[in-house]
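**Q** Protein chains in written order, with the numbering used here: chain A, 193 to 306; chain B, 113 to 222.
We put the CB at the ideal spot given by N, CA and C, even for glycine.
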């Protein structure tokens, strides 16, 4: 597609359930990022994938959060045993992977944990 | 960790007014970016700055990369209703991980 695609656009889940969020980056982009945006807040870095290198997981808030990127393209962010404080918009972005290449964002998945 | 301090947090202006917002950090950044986010969408890149002292314009938007590499500002001239949204600064220290400011929410009264 022309841009970064995320699904679902909205997800409501009960506390304690697991959720999976999907990101399809721009074709050919080697770098993929996940950010979290809480209501009225800035973007909090979660994880970064670059090619075949080990991902930078330094932003993951707890071991309930994990992400993988299969075949260097699609990525899935998984949150286990969701908590109410996990409610936020989860944004995925991709870039061509060079040092100065800008990020292109998807429209995000709005996660609500009840 | 790394942090960008963005101000103001919100602005309420009249249509036609000029807008100025800035971002500062205690750390040096090699790249500064400015993004705009509309409701329900992801941030969209407005301007990218790659050299200290660089001044770049994009239509009514002008941004500068501070000479100390610890700050950047964004100006919007002659604001129009579609300028409404949240503006984010972001910085990179050479690695690909971008650090974002907390955002400036711009509201325009017609």
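Quick check: the Cα distance between residue 121/B and residue 172/B, rounded to an integer number of angstroms?
**A** As a first step, residue 121/B must be located in the second chain, where it is residue number 9. As a first step, residue 172/B must be located in the second chain, where it is residue number 60. Straight-line Cα distance between these residues: approximately 21 Å.
**Q** Nearest by alpha-carbon distance to residue 147/B: which of 136/B, 221/B, 215/B and 176/B is it?
**A** Locating residue 147/B in the second chain gives position 35, counting from the first residue. Closest option to residue 147/B, Cα to Cα, is 215/B.
**Q** Ordered along the chain, which non-local residues of its own chain (more than five positions away) have a Cβ less than 7 Å from that of residue 197/B?
**A** By one-based count along the second chain, residue 197/B stands at place 85. Result list for residue 197/B: 148, 149, 150 and 218, in chain order.
**Q** Which class does residue 277/A belong to by DSSP, given the choice of helix, strand or coil?
**A** Locating residue 277/A in the first chain gives position 85, where the first residue counts as 1. Three-state DSSP puts residue 277/A in a helix.
**Q** With the cut-off set at 8 Å, would you say residue 239/A and residue 256/A are in Cβ contact?
**A** For this step, residue 239/A is matched to residue 47 along the first chain. For this step, residue 256/A is matched to residue 64 along the first chain. Not in contact: residue 239/A and residue 256/A (Cβ atoms no closer than 8 Å).
**Q** Name the DSSP beta bridge partners of residue 192/B, please?
**A** Position 80 of the second chain, counted from the first residue, corresponds to residue 192/B. In DSSP, residue 192/B forms no bridge with anything.
**Q** Would you report the Cα separation of residue 162/B and residue 200/B, rounded to the nearest angstrom?
**A** Stepping through the second chain from its first residue, residue 162/B is reached at position 50. Stepping through the second chain from its first residue, residue 200/B is reached at position 88. Each residue's alpha carbon lies about 17 Å from the other.
**Q** Counting only the same chain and skipping the five closest in sequence on each side, list residues whose C-beta sits under 7 Å from that of residue 131/B.
**A** Indexing the second chain from 1 puts residue 131/B at position 19. Only 123, 125, 187, 188, 191 and 218 meet the Cβ criterion.
**Q** Beta carbon of residue 133/B, beta carbon of residue 185/B: below 8 Å?
**A** Sequence index remark: in the second chain, residue 133/B carries index 21 (1-based). Sequence index remark: in the second chain, residue 185/B carries index 73 (1-based). Taking 8 Å as the Cβ cut-off, residue 133/B and residue 185/B qualify as a contacting pair.
**Q** Between which two residues does the beta strand (DSSP E) holding residue 126/B run?
**A** Position 14 of the second chain holds residue 126/B. First-last of the beta strand (DSSP E) with residue 126/B: 122-126.
**Q** Taking C-beta pairs closer than 7 Å, name the residues in chain B that residue 282/A reaches, listed in chain order.
**A** Start at 1 with the first residue of the first chain, and residue 282/A comes out as number 90. Within 7 Å Cβ-Cβ: nothing; residue 282/A doesn't reach chain B, min ~11 Å.
**Q** Would you list the one or two residues that DSSP bridges to residue 203/B?
**A** Numbered from its first residue, the second chain carries residue 203/B at position 91. 144/B and 211/B, per the DSSP bridge assignment.
**Q** What is the rounded straight-line gap between the Cα of residue 301/A and the Cα of residue 200/A?
**A** To locate residue 301/A, count along the first chain from 1; it is residue 109. To locate residue 200/A, count along the first chain from 1; it is residue 8. Cα to Cα, residue 301/A sits roughly 6 Å from residue 200/A.
**Q** Distance check for residue 167/B and residue 205/A, CA to CA, integer angstroms please.
**A** Sequence index remark: in the first chain, residue 205/A carries index 13 (1-based). Sequence index remark: in the second chain, residue 167/B carries index 55 (1-based). Whole-angstrom Cα-Cα distance: 46 Å.
**Q** Starting from residue 240/A and walking both ways along the beta strand (DSSP E), at which residues does that stretch end?
**A** Looking up residue 240/A in the first chain gives position 48. From DSSP, the beta strand (DSSP E) with residue 240/A extends over 235-242.
**Q** Please go through the same chain and pick out, in chain order, the residues whose beta-carbon is closer than 6 Å to the beta-carbon of residue 143/B, but skip the five residues on each side of it.
**A** Numbered from its first residue, the second chain carries residue 143/B at position 31. Taken in chain order, the residues that qualify are 162 and 204.
**Q** Rounded to whole angstroms, what's the CA-CA distance from residue 282/A to residue 138/B? Just pull it up for me.
**A** Counting from 1 along the first chain, the entry for residue 282/A is found at position 90. Counting from 1 along the second chain, the entry for residue 138/B is found at position 26. One C-alpha to the other measures close to 27 Å.
**Q** Could you please give me the residues that DSSP links to residue 296/A through a beta bridge?
**A** The count along the first chain starts at 1 and reaches residue 296/A at position 104. DSSP output for residue 296/A lists 286/A as bridge partner(s).
**Q** Could you tell me whether the Cβ of residue 253/A comes closer than 8 Å to any Cβ of chain B?
**A** Indexing the first chain from 1 puts residue 253/A at position 61. It does not: the Cβ of residue 253/A has no partner Cβ on chain B nearer than 8 Å.
**Q** How would you write the range of the beta strand (DSSP E) that residue 269/A sits in, first residue to last?
**A** Taking the first chain and counting its residues from 1, the one referred to as residue 269/A is at position 77. Start and end: 267-271.
**Q** Can you tell me the Cβ-Cβ gap for residue 237/A and residue 182/B, rounded? I've got them flagged as a contact below 8 Å.
**A** Numbered from its first residue, the first chain carries residue 237/A at position 45. Numbered from its first residue, the second chain carries residue 182/B at position 70. Actually they do not touch by this definition, with Cβ atoms about 20 Å apart.
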